[in-house]
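Visitor:
Number of protein chains: 2
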Amino acid sequence: MKVTLDDIARMANVSKATVSRVLNHSTSGVGEETRRRVQAVIDELEYRPNLLARGISISKTKTLGVIVPDISNPFFATLVQQIESYAFEKKYTVLVCTTDNLPEKEERCIAVMITKHVDGVILASAVSEQIEGHLRFQKYGIPCVMVDRKIQTQSELSGGVYVDNEYAFFLATEQLIQSGNHKIAFLSGPVGAATSKERIEGYHYALQAHKIEALPQLMCIGKHSIQSGYNCVMRMHQDQIPFTAVLASSDVIALGAVQALKELGIRIPEEVEVIGFDNIEFGALLDPPLTTIEQPIAELARRSVAMLLELISNIVLKEKNIRLEPKLIYRKTTKTRY
Amino acid sequence: MKVTLDDIARMANVSKATVSRVLNHSTSGVGEETRRRVQAVIDELEYRPNLLARGISISKTKTLGVIVPDISNPFFATLVQQIESYAFEKKYTVLVCTTDNLPEKEERCIAVMITKHVDGVILASAVSEQIEGHLRFQKYGIPCVMVDRKIQTQSELSGGVYVDNEYAFFLATEQLIQSGNHKIAFLSGPVGAATSKERIEGYHYALQAHKIEALPQLMCIGKHSIQSGYNCVMRMHQDQIPFTAVLASSDVIALGAVQALKELGIRIPEEVEVIGFDNIEFGALLDPPLTTIEQPIAELARRSVAMLLELISNIVLKEKNIRLEPKLIYRKTTKTRY
DNA sequence: TTGTACGCGTTATCAG
DNA sequence: CTGATAACGCGTACAA
Numbered sequence: 001m002k003v004t005l006d007d008i009a010r011m012a013n014v015s016k017a018t019v020s021r022v023l024n025h026s027t028s029g030v031g032e033e034t035r036r037r038v039q040a041v042i043d044e045l046e047y048r049p050n051l052l053a054r055g056i057s058i059s060k061t062k063t064l065g066v067i068v069p070d071i072s073n074p075f076f077a078t079l080v081q082q083i084e085s086y087a088f089e090k091k092y093t094v095l096v097c098t099t100d101n102l103p104e105k106e107e108r109c110i111a112v113m114i115t116k117h118v119d120g121v122i123l124a125s126a127v128s129e130q131i132e133g134h135l136r137f138q139k140y141g142i143p144c145v146m147v148d149r150k151i152q153t154q155s156e157l158s159g160g161v162y163v164d165n166e167y168a169f170f171l172a173t174e175q176l177i178q179s180g181n182h183k184i185a186f187l188s189g190p191v192g193a194a195t196s197k198e199r200i201e202g203y204h205y206a207l208q209a210h211k212i213e214a215l216p217q218l219m220c221i222g223k224h225s226i227q228s229g230y231n232c233v234m235r236m237h238q239d240q241i242p243f244t245a246v247l248a249s250s251d252v253i254a255l256g257a258v259q260a261l262k263e264l265g266i267r268i269p270e271e272v273e274v275i276g277f278d279n280i281e282f283g284a285l286l287d288p289p290l291t292t293i294e295q296p297i298a299e300l301a302r303r304s305v306a307m308l309l310e311l312i313s314n315i316v317l318k319e320k321n322i323r324l325e326p327k328l329i330y331r332k333t334t335k336t337r338y
Numbered sequence: 001m002k003v004t005l006d007d008i009a010r011m012a013n014v015s016k017a018t019v020s021r022v023l024n025h026s027t028s029g030v031g032e033e034t035r036r037r038v039q040a041v042i043d044e045l046e047y048r049p050n051l052l053a054r055g056i057s058i059s060k061t062k063t064l065g066v067i068v069p070d071i072s073n074p075f076f077a078t079l080v081q082q083i084e085s086y087a088f089e090k091k092y093t094v095l096v097c098t099t100d101n102l103p104e105k106e107e108r109c110i111a112v113m114i115t116k117h118v119d120g121v122i123l124a125s126a127v128s129e130q131i132e133g134h135l136r137f138q139k140y141g142i143p144c145v146m147v148d149r150k151i152q153t154q155s156e157l158s159g160g161v162y163v164d165n166e167y168a169f170f171l172a173t174e175q176l177i178q179s180g181n182h183k184i185a186f187l188s189g190p191v192g193a194a195t196s197k198e199r200i201e202g203y204h205y206a207l208q209a210h211k212i213e214a215l216p217q218l219m220c221i222g223k224h225s226i227q228s229g230y231n232c233v234m235r236m237h238q239d240q241i242p243f244t245a246v247l248a249s250s251d252v253i254a255l256g257a258v259q260a261l262k263e264l265g266i267r268i269p270e271e272v273e274v275i276g277f278d279n280i281e282f283g284a285l286l287d288p289p290l291t292t293i294e295q296p297i298a299e300l301a302r303r304s305v306a307m308l309l310e311l312i313s314n315i316v317l318k319e320k321n322i323r324l325e326p327k328l329i330y331r332k333t334t335k336t337r338y
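Below, the structure is given as structure tokens:
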């Protein structure tokens, strides 16, 4: 049933070594005639090398691990899509694992990646500090690039690709302030994540710069989901907390917030302005279309795959941390453009 | 650096076989005392078995292949998310590959799954006929369950989980007809896919049943994307083709169609009614909220993983093809509910 | 209960 | 240019 290298060797009257040669170093080392004979047998039997066996032999699996919190979030869906696409071009396959933003599940994902001997992993971590698992990658010599969510690490085997969250939210907050808003609600994702912290800091810096007090009741910690954004706005409304703007930590949160505002009969942007983050495709279809901060997802994916492959090839990185520029996309959930 | 079973054996003064025993048949076959000693060494050295080596040895990789057209489509994103989740619970990891709806890329994805020796694959095929690759699964003894997109096959090693597309579109079309529409534009996905064909047929049957002619100019073949839905409507409008309803082959197409109609100043549902398919989360946030046909994604995922695991365990399937009931979700892009 | 020896499919080293 | 042969890490008859 399964045809192996051994079978080919036997049928072609050569040794396994020779077959292996025509398979790999396809340009040299084998006589033209024998090469043809071997290749013929390979073709006829439709032989495909067992990558597991090859993996155990040369310690390279041509597999990349991808660890993200949640694929159903369009941001990560698109990210994974792009990563898979670039990786496939480079002859790599991706092993996907989701953490649901749970640190303990992240540890288990990491454990899987190690036992399955992926050549490297791209990680959007659920946590902001280096955890045991991350060190284990080092220990096992598995390169790791942090994408989207930055984590401090001094490992030679790791790097990072992300946008400057702090700056992005500083800009967005400032836009809102310049537009006359002093009570800006902030709808955050899980605080465990590095991105959440950075985004909150950017928001705080902007407030400070304009000598506006950061009111704790304007901060809502939730998840990156529509439901969460919806709940935050509803709760603030119930608690009668006044605000004239909403800054959301992700577009899905913003979508939920907009939905809640609509149900409450609050006009956007006249009564409340809204800014999201990610620039997912659906934001533009909303009514009114969502003003947001763009994350260059394709670029994020491309650069992280490229960096990981360099790490795998032991190429020294020109820059261990690539920071991409965020960009404000002005649509209709904000009034004037500052 | 890397600690192997051999190392453990040496340190614990036992043979590899014994270590292997405490690792696998964890309940019996080893003396209580030696078991403790071996386990202690395993824990201390944080030994993790090499799943590649195990894979080549027992021909089981604990890996499931997942082949879908496009993860950035929310329907597939959610599907993959759920599949990964169920698989992870059952100690399996997923190898993801996207076909972009290209038959040749599907062949390459299949080839990868075979060389990487996945234990089984879940496939949402880009094609409606059995292609060479599908047969190869059979040849290599790899179980395969078709999800969402049905393909006829008589292999003992395959099954299918899907909703009744034909019936779903028959219902939706009838709803539109009963509501007074005779010129119903149909916005299809790629015709290669089985689902597209079935959906078109359901649409045609309903028209026939009501003796309405199926006008070719009302049929627009595109891709499952927002852009495609948008383009279809715009083109029909430019060509001055009259229609009073739009039936879309997927929600993303419907979203694009609604966007186009809005830009054209056509009121929904007063002038044109719209029905989508999938019931993705964003449909409900649209203005007006999208009437659609629900696909029970979580159920689709759960059943297909369960079926695949049964196939892998050589359990005979109670039913080779599981058909889930689609359900019309009435929202605001349609007028009266029939 | 425990150990020995071999097989799984591939690559790599070293002869010839 | 080609062929033995030894790894790679693990599971498992079979023997002790």
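The listed protein sequences derive, respectively, from chains A and B. Sequential numbering of the first sequence, starting at 1, is according to full-length UniProt numbering. Sequential numbering of the second sequence, starting at 1, is according to full-length UniProt numbering. We put the beta carbon where it would ideally sit given N, CA and C, even for glycine. Quick caveat: nothing in here was measured; it's all calculated off a predicted structure.
Pull out every residue of the UniProt domain "HTH lacI-type" (3-58) of chain A whose Cβ sits closer than 7 angstroms to any Cβ of chain B, in chain order.
Guide: The UniProt domain "HTH lacI-type" (3-58) of chain A vs chain B, Cβ under 7 angstroms: Arg-48, Pro-49, Asn-50, Leu-51, Leu-52, Ala-53, Gly-55, Ile-56.
Visitor: Whole angstroms is fine: what's the gap from A/His-25's alpha carbon to B/Thr-115's?
Guide: One C-alpha to the other measures close to 19 angstroms.
Visitor: Is the segment 25-44 of chain A in contact with the segment 54-74 of chain A, if contact means three or more CB pairs nearer than 8 angstroms?
Guide: Segments in contact, no.
Visitor: Buried or exposed, going by whether 16 or more other CB atoms sit within 10 Å of the CB of A/Asp-148?
Guide: buried
Visitor: Ignore the nearest five residues each way along the sequence and tell me which others in A/Glu-271's own chain have a CB closer than 6 angstroms to its CB.
Guide: Result list for A/Glu-271: empty, nothing under 6 angstroms.
Visitor: From A/Gln-178 to B/Glu-46, what does the alpha carbon distance come to, in whole angstroms?
Guide: 55 angstroms
Visitor: In or out: B/His-134 buried (at least 16 other Cβ within 10 Å) or exposed?
Guide: buried
Visitor: Just mark A/Ile-58 as buried or exposed, buried being the case when its beta carbon has 16 or more other beta carbons within 10 Å.
Guide: Here A/Ile-58 is exposed. Its C-beta has fewer than 16 other C-beta atoms within 10 Å.
Visitor: Quick one: which residues of the segment 105-117 of chain A get their C-beta closer than 9 angstroms to a C-beta of chain B? List them in chain order.
Guide: Lys-105, Arg-108, Cys-109, Ala-111, Val-112, Met-113, Ile-114, Thr-115, Lys-116, His-117
Visitor: Where B/Glu-129 and B/Gln-152 are concerned, what is the direct C-alpha to C-alpha distance, given to the nearest angstrom?
Guide: 7 angstroms
Visitor: Could you work out which residues of chain A lie near B/Val-96, taking near to mean beta carbons separated by less than 7 angstroms?
Guide: Glu-84, Val-94, Val-96
Visitor: Listing by chain order, which chain B residues have their CB less than 9 angstroms from the CB of A/Met-236?
Guide: Correct list: empty, because the minimum Cβ distance to chain B is about 19 angstroms.
Visitor: Which one of B/Lys-90, B/Ile-122, B/Thr-291, B/Thr-336 has the shortest CA to CA distance from B/Lys-327?
Guide: B/Thr-291
Visitor: Compute the distance between the beta-carbons of A/Ala-77 and A/Thr-99, then report whether it is under 8 angstroms.
Guide: no
Visitor: Taking Cβ-Cβ distances shorter than 7 angstroms, what residues in chain A pair up with B/Phe-282?
Guide: Near B/Phe-282 (Cβ distances below 7 angstroms), the residues of chain A are Phe-282.
Visitor: With 16 other CB atoms within 10 Å as the buried threshold, where does A/Asp-239 fall?
Guide: exposed
Visitor: For B/Gln-138, I'd like the list of residues in its chain whose CB is within less than 7 angstroms of its CB, leaving aside the five on either flank, ordered along the chain.
Guide: So the list reads Ser-155, Leu-157, once near-sequence residues are dropped.
Visitor: Classify A/Gly-180 as buried or exposed, calling it buried when 16 or more other Cβ atoms lie within 10 Å of its own Cβ.
Guide: When all chains shown are included, A/Gly-180 counts as exposed.
Visitor: What residues from the segment 244-255 of chain A come within 7 angstroms of chain B, judged by C-beta to C-beta, listed N to C?
Guide: For the segment 244-255 of chain A, the set of positions with a beta-carbon nearer than 7 angstroms to some beta-carbon of chain B reads Leu-255 in chain order.
Visitor: DSSP three-state call for B/Leu-285: helix, strand or coil?
Guide: helix
Visitor: Is there a C-beta anywhere in chain B that falls below 8 angstroms from the one on A/Ile-142?
Guide: no
Visitor: Is A/Asp-287 close to chain B, meaning its C-beta is less than 8 angstroms from at least one C-beta of that chain?
Guide: yes
Visitor: Residues of chain B with CB under 8 angstroms from A/Gln-130, in chain order?
Guide: Neighbours of A/Gln-130 on chain B: none; closest Cβ ~17 angstroms, over 8 angstroms.
Visitor: Out of curiosity, what's the CA-to-CA distance linking A/Val-163 and A/Ile-122?
Guide: 16 angstroms
Visitor: For B/Asn-181, report the span of its alpha helix (DSSP H) as first-last.
Guide: According to the DSSP assignment, B/Asn-181 belongs to no alpha helix (DSSP H), since it is labelled neither H nor E.
Visitor: Quick one: which chain B residues come within Cβ less than 8 angstroms of A/Ser-103?
Guide: Sequence inspection shows Pro at residue 103 of chain A; the Ser mentioned does not correspond to that position. Chain B residues near A/Pro-103: none, gap ~16 angstroms exceeds 8 angstroms.
Visitor: Please work out which residues of its chain come closer than 6 angstroms, Cβ to Cβ, to B/Lys-332, disregarding the five sequence neighbours upstream and downstream, and give them in chain order.
Guide: Pro-288, Pro-289
Visitor: Decide if A/Leu-309 is buried, meaning its Cβ has at least 16 other Cβ atoms within 10 Å, or exposed.
Guide: Per the 10 Å Cβ criterion, buried.
Visitor: To which residues of the same chain is B/Tyr-330 closer than 8 angstroms at the C-beta, ignoring the five residues directly before and after it?
Guide: Thr-291, Arg-337
Visitor: Could you tell me whether any Cβ in chain A is nearer than 8 angstroms to the Cβ of B/Asp-164?
Guide: Using a CB distance cut-off of 8 angstroms, B/Asp-164 does not count as an interface residue toward chain A.
Visitor: For residue 344 of chain B, does the count of other Cβ atoms within 10 angstroms reach 16, so buried, or fall short, so exposed?
Guide: Examination of residue 344 of chain B is not possible in this model, given that chain B is present from 1 through 338 alone.
Visitor: Is it true that the segment 244-251 of chain A meets the segment 270-285 of chain A, where meeting means three or more beta-carbon pairs spaced less than 8 angstroms apart?
Guide: Short answer: they touch.
Visitor: Compile a chain-ordered list of the residues in the segment 72-83 of chain A whose CB is closer than 7 angstroms to at least one CB of chain B.
Guide: Ser-72, Pro-74, Ala-77, Thr-78, Val-80, Gln-81
Visitor: In whole angstroms, give me the CA-to-CA distance for A/Val-258 and A/Leu-264.
Guide: 10 angstroms
Visitor: Alpha carbons only, please: which of A/Leu-51, A/Glu-325, A/Leu-285, A/Ala-12 is nearest the one belonging to A/Arg-35?
Guide: A/Ala-12
Visitor: If I follow the unbroken alpha helix (DSSP H) through B/Thr-78, where does it start and stop?
Guide: 74-89
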